[in-house]
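In this note's numbering, the protein residues as written are 117 to 592.
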């Protein structure tokens, strides 16, 4: 009988481990941080996202729009009455949705840490928010570096200031939660030099009240995932469980050479985040609130059970739930617009992996003069073209207002890809392909997608024929 019960217990434990339910615990603080640069969301956007949070079991929203002057550049000034009324309504909506409304201030641009007057002005702002119903507060010190990448902040001074704010608030109000902060050195590679913790981070960590929640963004500002080991290293530095400010699907760094912003949309799933225990996760969205919900909803699935999260299953499920009959077309569009990368940022699944693989193999086969099967890529291009048409005609206006230039660019790419493919079939370059490429390039000032897949195929085909022409001239 004892052996039977032992086997039963072992079997039960095995099933728990297999199913992941042993660690099926949501991250305690999980939600959205409106922390992007650019046009802040409207009242209606925020009310919508608070409802979205409730529907997706996200329990927190941080109000921290970088370009709200009263949040950052003019933090000392009180909000005007009209704005206070708006914030009061948002706090009430958050409460109705059982979402914690976390009010943030970013005073670091010109804060005098030892100034009693600056402390008084900040507390005055937080006191006002408390009267509106806010019970959660954050003080952020991110993005304080000069044009040379240097900052002159004192970790000890910041810690003492934060401790003073926390002591003041929690001394007066027994229902206020511990503060949340983002350090000036807020990503791992900026916290360390070689194998040593840099002085700012060391001093901040050593002096900061252990109850204050610290958020960081991973190895870099925008990086390709966080491992359990990396999270543990930062926990060790700060002597606490840190939280994550995750910069996806935010796209405020997606700039054209002439400074146009938000030209590429991040429509993929949240991926490559820790399964280890953490205290908080906040996803930084795009200015495009409706299309942000694709990644945010996958993030909610992750945050509610990191151990069993499968990004592909989550992405498919979210697309079906959000777009219904349009989900297949939306998936094709989103596949071409999910990877974000520049000289310092890299995040999100690769764009259109199947398309990119087929296109690469096709060019390779053409060069080797082997049998070439054009049909699979031809099918991909036709599906792109149909998806662009369907979405331009049938996508609800609230989405179309946020992605029409990108859908029109998808249509241009499909048209040019078709000409490129027909050129390979015919064995000669159709001159209209270069004209179509010029049109695509001109429109990249407002819409970029599929740089390493559909867009690259156009360049690769032109290069293929240019090299053939060069080779023929050399032979002559």
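The beta carbon of each residue, even a glycine, is placed where N, CA and C say it ideally should be.
One alpha carbon belongs to residue 156, the other to residue 403, and they sit about 7 Å apart. The C-alpha of residue 415 is placed about 12 Å away from the C-alpha of residue 363. For the alpha helix (DSSP H) assignment, the uninterrupted runs of no fewer than 4 residues enclosed by the stretch 290-336 are, from N- to C-terminal side, 304-307 and 315-323. Taking a 10 Å sphere around the C-beta of residue 317, we find 16 or more other C-beta atoms and assign the residue as buried. Separation of residue 544 and residue 453 (C-alpha to C-alpha, rounded to the nearest whole angstrom) is 30 Å. Ranking 217, 236, 265 and 458 by CA distance to the CA of residue 246 puts 217 first. Proximity to residue 342 across 455, 231, 394 and 519 peaks at 394, based on C-alpha coordinates.
About 6 Å separates the Cβ atoms of residue 292 and residue 251, confirming a contact at the 8 Å cut-off.
In the three-state scheme derived from DSSP, where H, G and I count as helix and E and B as strand, residue 338 is classed as coil. Restricting attention to 430, 546, 457 and 146, the CA atom closest to the CA of residue 338 is found in 457.
For the set 298, 309, 205 and 385, the Cα lying nearest the Cα of residue 428 is the one of 385.
Of the residues assessed, residue 268 falls on the exposed side of the cut-off, its CB having fewer than 16 other CB atoms within 10 angstroms. Sequence-distant partners of residue 270 (beyond 5 residues in either direction) whose C-beta falls short of 8 Å from its own C-beta, in its chain, are 229, 316 and 319.
In the DSSP assignment, residue 150 is bridged to 179.
Looking from the CA of residue 352, the closest CA among 367, 163, 520 and 330 belongs to 330. Separation of residue 349 and residue 355 (C-alpha to C-alpha, rounded to the nearest whole angstrom) is 10 Å. The three-state secondary structure of residue 168, taken from DSSP, is helix.
No Cβ-Cβ contact shorter than 9 Å links residue 383 with residue 401.
The stretch 503-512 makes no contact with the stretch 544-553, as fewer than three CB pairs between them are under 8 Å. Between the stretch 561-576 and the stretch 461-470 there are three or more inter-stretch CB-CB distances shorter than 8 Å, so the stretches are counted as touching.
Rounded to the nearest whole angstrom, the CA to CA distance from residue 189 to residue 541 is 58 Å. Beta-carbon to beta-carbon, residue 344 and residue 300 are separated by about 26 Å, too far to satisfy the 8 Å threshold. Using a Cβ distance threshold of 9 Å, residue 235 and residue 277 count as a contacting pair. A straight line joining the alpha-carbon of residue 326 with that of residue 480 spans about 58 Å.
In the structure shown, residue 354 falls within a helical segment according to DSSP collapsed to helix, strand and coil.
Residue 394 carries a coil assignment under DSSP once its states are collapsed to helix, strand and coil.
In the three-state reduction of the DSSP assignment, residue 237 falls in the helix class, which pools H, G and I.
By the criterion of a C-beta distance shorter than 7 Å, residue 298 is surrounded in its chain by 256, 257, 258, 331 and 361, once the five residues flanking it on both sides are discounted. Judged by beta-carbon spacing, residue 150 lies within the 9 Å limit of residue 179, meaning their Cβ atoms are closer than that value. Setting aside the 5 residues that flank it on each side, residue 204 is surrounded in the same chain by 248 and 249, each with a C-beta closer than 8 Å to its C-beta; the list follows chain order. Pairing residue 488 with residue 536 gives a Cβ-Cβ distance that is not under 9 Å. 9 Å or more divides the Cβ of residue 224 from the Cβ of residue 296. The beta carbon of residue 437 sits closer than 8 Å to the beta carbons of 413 from its chain, once the five residues preceding and following it are set aside; these are given in chain order. Under a 10 Å Cβ-count criterion, residue 475 is classified as buried, with 16 or more other Cβ atoms of the shown protein chains found around its own Cβ. Around the beta-carbon of residue 141, fewer than 16 other beta-carbon atoms lie within 10 Å, marking it exposed. Taking residue 574 as the centre and dropping the five residues before and after it, the same chain places the C-beta of 532, 536 and 553 closer than 6 Å to its C-beta, in chain order.
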